[in-house]
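J.: I have a structure I would like to understand better, so I am pasting it below and will then ask my questions one at a time.
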Amino acid sequence: MKRSEEITMQYFAFLDKHIQDVLSGSVPEFMELNEIAAQLAVSHTHLTDTVKKEKGQHPCYFYDEKIIHEAKMMITDSDQSIAEIARVFTYDPSNFSKFFKKMTGTTPGAFRKNSQSSG
C-alpha cells in the first residue's frame, strides 16, 4: 500500500472513531484538522494534500459529510429535539442549523419532517 493510501485510510478510521467518541461524550468536542493531523503524525498540509490527491476532496469535506450523516440518522431515529441533537454534536443550536442547511440544503427540522412523512 502506498503511504498516501495509508494516511488516507488512517484519516478515515480516525474520523469514524473520533466522531463516535464525541457523540458518546467521551471526548468533549470535535478536533480541528491540524489536531487530527498531529494525531496521525503528519503535517496539516501533508494530510490535506494527501487526502485531496487520494479522494479528490479536502479532508474537511469528508469530516463534515460524516458529521452530517450521523446527524441525519439521529434526527430521523430519535425523539430528541433539534437543540438537544445540536448539543450532542457540540454545536450551539443556531450554528448547528446553519451548518446542517449549508451541507444539505434544508434545515434539521424540515429534514425530520420530510423523513417522517416519507417513512
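Under numbering that gives the first Met the number 0, think of the first position of the sequence shown as 0, with each following residue one higher.
All C-beta atoms in this analysis are idealised placements derived from N, C-alpha and C, irrespective of residue type, glycine included.
Just curious, the alpha helix (DSSP H) that F61 is in, first and last residue?
T.: P58 to D76
J.: Out of A109, K1, A85 and S25, point me to the one whose CA is closest to V50's CA.
T.: For V50, the nearest C-alpha among the options comes from K1.
J.: Report buried or exposed for T105, applying the criterion of at least 16 other Cβ atoms within 10 angstroms of its Cβ.
T.: Exposed is the call here.
J.: Three or more beta-carbon pairs under 8 Å between the segment 50-63 and the segment 3-21, yes or no?
T.: With a cut-off of 8 Å on Cβ pairs, the segment 50-63 is in contact with the segment 3-21, counting three or more such pairs.
J.: Quick check on this structure: which residue in M30, I74 and I18 has the alpha carbon closest to the alpha carbon of F99?
T.: I74
J.: Is the beta carbon of Y62 closer than 8 Å to that of L22?
T.: Cβ atoms of L22 and Y62: not closer than 8 Å.
J.: Counting along the chain, where does the alpha helix (DSSP H) carrying K52 start and finish?
T.: H43 to K54
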